[in-house]
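Numbering-wise (the working numbering), the sequence shown opens with residue 606 and increments by one.
Even glycine gets a Cβ: it sits at the ideal position worked out from N, Cα and C.
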Amino acid sequence: MDSMRSLLSTSDFLQVREHKLSNDLTVWLNEDHSQPKIFGAVVVKAGAKDSPNTGIAHYFEHMMFKGTDKIGTIDYESEKVLLDIIAEKYDALADTEDPKMRAHLQQIINDLSVRAAEYVIPNEFDRLISRFGGTKLNAGTSYDYTLYFNTFSPQYISQWAEINSERLVNPVFRLFQSELETVYEEKNMYGDTMASVAIEKLTERYFYPHPYAYPIIGSAENLKNPRLSEMRRFFEKYYVASNMGLILSGDFDTEEVLPILESTFSRIRKGKPPHRDIVTLPPFKGREKVSVRIPMPFVKIMALGFRGVPANHPDQVALNIAVSLLNNSNGTGFLDKLTVDHKVMGAMAVNQSMNEAGILGLLVFPKFFFQTYAAAEKLVWKQINRIKEGDFSDEMFQSLKLEQKREYASKLEDINSRAEVMMRIFSQGKSWQDYLDEVTRIDALSREDVIEIAKKYFTENYMYVTKKTGRYPKTILPKPDYSPIIPKNSDASSAYVERLEKIPVQELKPHFLDFEKDAEVVSLRPLVTLYKTHNSVNDIFSLTLSYGVGQLELRDLDKLSAYLPFVATESMSFEVFRGKLQELGSTLTFDSTDSEFLVVVNGFDGHFTQTMALVGDFLRHAKPDDKKLRQIVDEAKVTEKSLFNSSENVADMLLEKVKFGEQSRYLTKLSFAEIKKLKGKMLLDTFSKVRSVACNLHYCGTLSMEEAARQIKQHLPLEEVSIPSNSPYIRDLMTYDKPTVFFMDMEDVTQSIIYAYMYIDPLKAKEDRPISRLFSAYFGGDMSSLMFQEIREFRSFAYQVNARLKHPPLNRSEKPASFVMKLATQTDKMIDAMEVLENLVHDMPERPERVESVKQTIRNWVNNEYPTSRSLSLKIAGFRREGYESDPNKDYLEVIDRMTMEDILRFYRENIQDHLMIYAIVGNSKSMDMEKLSKFGQIVKVTKKDIYR
606 MDSMRSLLST SDFLQVREHK LSNDLTVWLN EDHSQPKIFG AVVVKAGAKD SPNTGIAHYF
666 EHMMFKGTDK IGTIDYESEK VLLDIIAEKY DALADTEDPK MRAHLQQIIN DLSVRAAEYV
726 IPNEFDRLIS RFGGTKLNAG TSYDYTLYFN TFSPQYISQW AEINSERLVN PVFRLFQSEL
786 ETVYEEKNMY GDTMASVAIE KLTERYFYPH PYAYPIIGSA ENLKNPRLSE MRRFFEKYYV
846 ASNMGLILSG DFDTEEVLPI LESTFSRIRK GKPPHRDIVT LPPFKGREKV SVRIPMPFVK
906 IMALGFRGVP ANHPDQVALN IAVSLLNNSN GTGFLDKLTV DHKVMGAMAV NQSMNEAGIL
966 GLLVFPKFFF QTYAAAEKLV WKQINRIKEG DFSDEMFQSL KLEQKREYAS KLEDINSRAE
1026 VMMRIFSQGK SWQDYLDEVT RIDALSREDV IEIAKKYFTE NYMYVTKKTG RYPKTILPKP
1086 DYSPIIPKNS DASSAYVERL EKIPVQELKP HFLDFEKDAE VVSLRPLVTL YKTHNSVNDI
1146 FSLTLSYGVG QLELRDLDKL SAYLPFVATE SMSFEVFRGK LQELGSTLTF DSTDSEFLVV
1206 VNGFDGHFTQ TMALVGDFLR HAKPDDKKLR QIVDEAKVTE KSLFNSSENV ADMLLEKVKF
1266 GEQSRYLTKL SFAEIKKLKG KMLLDTFSKV RSVACNLHYC GTLSMEEAAR QIKQHLPLEE
1326 VSIPSNSPYI RDLMTYDKPT VFFMDMEDVT QSIIYAYMYI DPLKAKEDRP ISRLFSAYFG
1386 GDMSSLMFQE IREFRSFAYQ VNARLKHPPL NRSEKPASFV MKLATQTDKM IDAMEVLENL
1446 VHDMPERPER VESVKQTIRN WVNNEYPTSR SLSLKIAGFR REGYESDPNK DYLEVIDRMT
1506 MEDILRFYRE NIQDHLMIYA IVGNSKSMDM EKLSKFGQIV KVTKKDIYR
């Protein structure tokens, strides 16, 4: 595999040019013309550890979307007077604990915020990103760094650079009160997640006294007492050019881009990177016992936590191999074997490196009832000691090195995944060459290196964690009694926009799929079609067998896809079969969706023939093993115990019931009693049925179509295919004759999850399909949508807000559509949020000045989501399955370009305005006014058995 190592170093796609601007800002540029888009990001080497437990780094990330002294305001000088006073009042609020004084200060802040909002243009930054080709605008705060990123169309590189550099010159902390409420919502949302508090407690115990011990979002106490002055100091200290990086990957010319970046991003303040004192973690002293509370009865959970290594540590590469001897993608690791042989219910290794420390741990699920923690730990230590004693074959060692190299190369294949690696590597202080050189370090590793590393890190000093059944008390941040902050200039534009409009733009049309040219297609036999796309980046192939039958038709498919990875063949044991795959650098995985069953093979083209022979043997001669079904039964039992501890899961089940009635996937699935009765032969009989259904094969690699087809026909059992596909399988949507609120009570949740469902009659006109897409984006699509602004941005009534109008496939146009809106909000805000939603639905505001920006957003998505070479043919086949003969986005855009506000209103009045809204709500009835809730419809209280079989 030396060719792969050289490919990592020399491929044009993988070249990253590193450059310094005049202000010492680092720029990494990676040209890749395979997709018509650019991924752009700013990486700031500052995160939660630089403001431990305060949440300031995370707060600041939120505020970076609020604009600057030029973006997001009609009169900054007048606005600034009020903002300065607001900042002073927040400092005063943080300095007092007197309840009356705090209430008084909060009221003053609210009054000032309402007045300041008279100058605000909300979401102008987001609108500018969309106006100039952008999609997927987002940000993220980690312990070590903060990311700001989005994808955009190449012709807007000048505007992107101008907007994103301006954002970092003088950010303004406007609309802080409403964003503070949003962060409260986020904190409460995490608190409702089943194990989130337990993980917080565990993280604190593991990392103390390092700042990693504290949650990124900060403590509840600090969230209640934010200081804008501290946020300003945070910006001035860490947001200097020498502490930041600019990452671009995609369709651009480096020589043309560099002057643009110099003229824009060099405006960012110079400054020295801040000095940091790294806190050294003390070693564990022997077997330190810790327990955490998780509300899962019967299920045992155990963890062993060792000291890991930080990023850039010389032991990192060898430790990765040692961990893969325990867990790997082929399931041949020593911990994997414990699971496969059902000696424990599950076991996995975790090896994660942050900049200043690492996590090295093992997570173990002992078997139900009779297996003790001590017995499970003894089994785990036996596997660890095998590595320390060198009890592994050279073949396994070499195959795991090959697997590591394949994973390195796979992460660099396309623009998005490569950019993610670039951001992470830069944040760790590495050069791009450092990352590529890690592959060479893998090659140089010896067995002795890995044995010594295992001895060094898997020691007798570790944290021993066990689970107790229970919950931690929640710190609830209640709804404050504030007036909503509703800016009066929602549809205005700042003077800054005029400057952007004057920048020349090269006219580039969106890139559409060409069904005839983008993929080679050949029929291998009746009902079997092979699609082929070329991989020009490396020598790794992927082959996906997509059988046209899914979980909605065969209800045991999810259990089949979980069972097959544990199965051997008639001629080979599990260890031999998976070992042979691993030696080739290949993997075999299975998955099922509503409409497909997928067999996915990955590997090196140099080993394609041998891999196909192994896969073909498995497909023909998989051997049933009832012992392996115990794992499936145990996993189903864990699901039974944990599913109803997650409000998100319960809300999904309730929505399925509301939309599909008795056809809900949770009511048609196998019951636990049926799962316990499963036999291996029964599941393999289902596998035979699957392999008889029409199949599309998708090959991406370096082989010719002729060679790939020859090998596939020679080795895979395509002769079994004989039945046409019924995919996509469509379930009937439920209709209702009166407003109804289906309510599921969960007494321990802080947030309510609200779905509003609407049945939409089959569309009458062909043009209504693209118009509905325009309506959906206008109503609930992104940060500029009505739902986001009216419910989240202005009133802080909900953290999650979105809406989606979903149509049946084109070839099933006689079927109805559904319109689903979602809110996730604190229970004490629920009624207010629902009232605003009702008003939007039944009396939708007309904002004609927004229509063009909504159109542009759709154009951007079409262009920027052009698929990678690995997913091209899957996309084409998916469209064909739904009845399209060419890329439907081309027709959509042609129709949308002609549309106006009147077309949106016509669609809205005919299909939305007077339709029934049926609610599916999960929440805590003790903390809400059920009488007020009843005004939205007749309340039907739902129990577990109503929504889950």
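8 Å Cβ cutoff met for residue i and residue j
i, j, result
"V621", "L851", "no"
"K1540", "D1350", "no"
"L1368", "A1422", "yes"
"D1502", "K1460", "yes"
"I691", "N1094", "no"
"P887", "N960", "no"
"L1498", "P971", "no"
"D629", "A846", "yes"
"V922", "R732", "no"
"L984", "L943", "yes"
"T751", "A651", "yes"
"Y724", "S683", "yes"
"E1490", "N1416", "no"
"S735", "N1465", "yes"
"I1526", "I1359", "yes"
"M1426", "S1357", "no"
"S934", "T1149", "no"
Under the three-state DSSP convention, the category residue i falls into
i, result
"Q1405", "strand"
"V1044", "helix"
"S611", "Confidence is the limiting factor: at S611 the pLDDT is only 45, short of 50, which leaves the residue's position unreliable, though a coordinate-based value still follows. If DSSP states are grouped into helix, strand and coil, S611 belongs with the helices."
"Y1489", "coil"
"R892", "strand"
"E961", "coil"
"Q1215", "helix"
"T631", "strand"
"N925", "helix"
"T1473", "coil"
"M606", "Interpretation of M606 is limited by its pLDDT of 43, a score under 50 that renders its predicted location unreliable; no figure is taken from the coordinates."
"G1208", "strand"
"F1182", "helix"
Endpoints, the alpha helix (DSSP H) within which residue i is located
i, result
"T1462", "V1456 to N1469"
"S735", "E729 to R736"
"A662", "I661 to M668"
"N1021", "I1020 to S1032"
The ligand NAP heavy atom lying under 7 Å from the CB of residue i
i, result
"I1463", "As presented, the structure is devoid of all ligands, the ligand NAP included, so that no description of it is given."
Segment limits, beta strand (DSSP E) that includes residue i
i, result
"S1151", "I1145 to Y1152"
"N715", "It is not in any beta strand (DSSP E) - N715 instead sits in the alpha helix (DSSP H) that spans P704 to A721."
"N755", "T751 to F757"
"T746", "G739 to T746"
"S1197", "T1192 to S1197"
Below-8 Å beta-carbon distance, residue i vs any chain B residue
i, result
"K1122", "Structure shown: chain B not included; a single protein chain is present."
Pairing CB atoms from the region 1056-1072 with CB atoms from the region 906-920, are three or more of them under 8 Å? Yes: at least three Cβ pairs fall under 8 Å.
Does the region 845-862 touch the region 629-639, meaning 3 or more C-beta pairs lie closer than 8 Å? Contact holds: three or more Cβ-Cβ distances are below 8 Å.
If you scan the region 1347-1395 from start to end, which runs of the beta strand (DSSP E) of 3 or more residues do you find wholly inside it? Here the runs fully enclosed are 1356-1365.
Counting only runs that start and end within the region 1052-1133, where is the alpha helix (DSSP H) found for 4 or more residues in a row? Correct list: 1052-1062 and 1100-1106.
Are at least three pairs of beta-carbons, each pair with one atom in the region 1156-1169 and one in the region 1184-1191, less than 8 Å apart? With a cut-off of 8 Å on Cβ pairs, the region 1156-1169 is not in contact with the region 1184-1191, counting fewer than three such pairs.
If you scan the region 845-869 from start to end, which runs of the alpha helix (DSSP H) of 4 or more residues do you find wholly inside it? DSSP runs (the alpha helix (DSSP H)) wholly in the region 845-869: none.
Flag this pair as touching only if the region 1201-1210 and the region 1149-1163 have three or more C-beta atom pairs under 8 Å; answer yes or no. Taking 8 Å as the limit for Cβ pairs, the verdict is that the region 1149-1163 does touch the region 1201-1210.
Take every Cβ of the region 874-883, pair it with every Cβ of the region 927-945, and state whether three or more of those distances are shorter than 8 Å. Between the region 874-883 and the region 927-945, the count of C-beta pairs closer than 8 Å stays below three; the two stretches do not touch.
Under 8 Å, with one C-beta from each stretch per pair, do the region 1237-1257 and the region 1319-1329 reach the 3-pair mark? The region 1237-1257 is not in contact with the region 1319-1329.
Inter-stretch contact at 8 Å, needing at least 3 Cβ pairs: the region 1090-1105 / the region 1394-1401: Taking a cut-off of 8 Å on C-beta distances, the region 1090-1105 touches the region 1394-1401, as three or more cross pairs fall below it.
Would you check if the region 829-839 and the region 654-673 touch, i.e. whether three or more CB-CB distances between them fall below 8 Å? Three or more beta-carbon pairs separated by less than 8 Å link the region 654-673 to the region 829-839, which places the two stretches in contact.
Could you say if the region 1369-1387 and the region 711-724 meet the contact criterion of at least three C-beta pairs nearer than 8 Å? Cβ pair count under 8 Å is below three, so no.
Which runs of the beta strand (DSSP E), 3 residues or longer, sit entirely within the region 1514-1553? List check, beta strand (DSSP E) in window: 1523-1528 and 1543-1546.
Identify every run of the alpha helix (DSSP H) within the region 1397-1454, keeping only runs that are complete inside it and at least 4 residues long; order them along the chain. Segments of the alpha helix (DSSP H) lying fully in the region 1397-1454: 1435-1447.
Can you give, in chain order, each stretch of the alpha helix (DSSP H) that sits fully within the region 973-1027 and has at least 4 residues? Taking only runs of at least 4 residues, the alpha helix (DSSP H) segments lying wholly in the region 973-1027 are 978-993 and 999-1015.
Entirely enclosed alpha helix (DSSP H) segments - the region 1242-1321, minimum 4 residues: Restricted to the region 1242-1321, the alpha helix (DSSP H) segments that are unbroken, complete and at least 4 residues in length are 1252-1265, 1270-1273, 1277-1281, 1285-1295 and 1310-1320, listed in chain order.
Given 8 Å as the limit, is there contact between the region 1115-1133 and the region 799-819, that is, 3 or more CB pairs closer than that? No: fewer than three Cβ pairs fall under 8 Å.
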